Structures are given as structure tokens and as C-alpha cells.
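> Residue numbers (the numbering used here): 15 to 132. All residues carry an ideal CB built from backbone N, CA and C; glycine is no exception. Just so it is clear, the structure is predicted and the values come from calculations on it, not from any experiment.
(1) Where do the ends of the alpha helix (DSSP H) carrying residue 59 lie?
(2) State whether the segment 91 to 98 contacts the segment 112 to 119, with contact taken as three or more CB pairs (one from each stretch) at a distance under 8 Å.
(3) Using DSSP with H/G/I as helix, E/B as strand and the rest coil, what is residue 104?
(4) Leaving out five residues before and five after residue 56 in sequence, what residues of the same chain have Cβ atoms less than 8 Å from its Cβ?
(5) So is residue 53 buried or exposed if we call it buried at 16+ other beta carbons inside 10 Å?
(6) Residue 62 to residue 74, Cα distance in whole Å?
(7) Do residue 104 and residue 96 have their C-beta atoms closer together than 7 Å?
(8) Tell me which residues share the same chain as residue 50 and place their Cβ nearer than 6 Å to its Cβ, disregarding the 5 neighbours each side in the sequence.
(9) Excluding the 5 residues preceding and the 5 following residue 110 in the sequence, name in chain order all residues of the same chain whose CB lies nearer than 6 Å to its CB.
(10) Could you have a look at residue 94 and say whether DSSP puts it in helix, strand or coil?
(11) If you run the structure through DSSP and keep just helix, strand and coil, what is residue 84?
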């Protein structure tokens with residue numbers, strides 16, 4: 015698998031979700047730097063917290079996170095794309111940054127969608 019394909023995964027996720035939002039809402043939701051920073055902070059805090067947990071408890075926390083996510087369909091799509099491109103097993107810093115970018119984009123879009131819903 016080439017690097018070109020791997021680099022396109024996070025933008026593909028954002029384009030798909032943004033396109034759907036425009037199609038249904040007639041407007042593009044905005045993701046500010048504050049939203050990005052807040053979502054990245056939550057994401058890294060969750061990752062650090064889960065890192066020290068025993069296996070069973072970590073799996074339970076991940077399951078709870080998935081069950082309670084605001085955008086479960088988008089979440090499944092993102093994790094599917096990342097898994098298809100073997101980015102869920104982080105072996106290099108580049109893979110770590112792609113994984114975090116994709117997951118942060120997911121969280122940003124879920125956050126913006128929740129803030130703009132009636």
C-alpha cells in the first residue's frame with residue numbers, strides 16, 4: 015500500500031461527512047480552531063487514560079465510548095477506513111499522526127453536528 019493512499023484517508027472522511035451535511039442542511043458546518051483543540055485534548059486524554067487500564071477494563075471503556083458516540087455511523091466508517099489501510103496498529107510516528115488526525119476530524123464533526131442540531 016502506498017503512502018499516497020494512506021495520506022488520503024483523513025481528508026476522505028471529512029469530505030464525505032461535509033458533503034452529506036451540505037446535502038441535507040444546505041450549509042457547511044464550521045470547525046473552528048477552538049473546536050479542534052478541544053476535541054484533540056479530549057482524544058489524547060482518553061487515549062492516555064485507556065493506556066494504563068487492564069485489558070478487560072480498557073475494552074469496556076472503548077465499548078462504552080462507541081455506544082455513546084454522537085456519530086456512530088461516521089465512527090464506524092472512520093474506523094473501517096483506518097483499519098482497511100492498516101492504520102489502527104501504530105508502528106511509526108507518521109501512522110500515529112494520521113490516526114490522530116482522522117480520529118480528531120471524527121470528533122470535530124460529531125461536536126459541530128451536535129452543536130448545530132435543533
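Per the coordinate set shown:
(1) 47 to 65
(2) yes
(3) coil
(4) 121
(5) buried
(6) 15 Å
(7) no
(8) 122
(9) These residues qualify, in order along the chain: 104.
(10) In the structure shown, residue 94 sits in a helix (DSSP, three-state: H, G or I).
(11) coil
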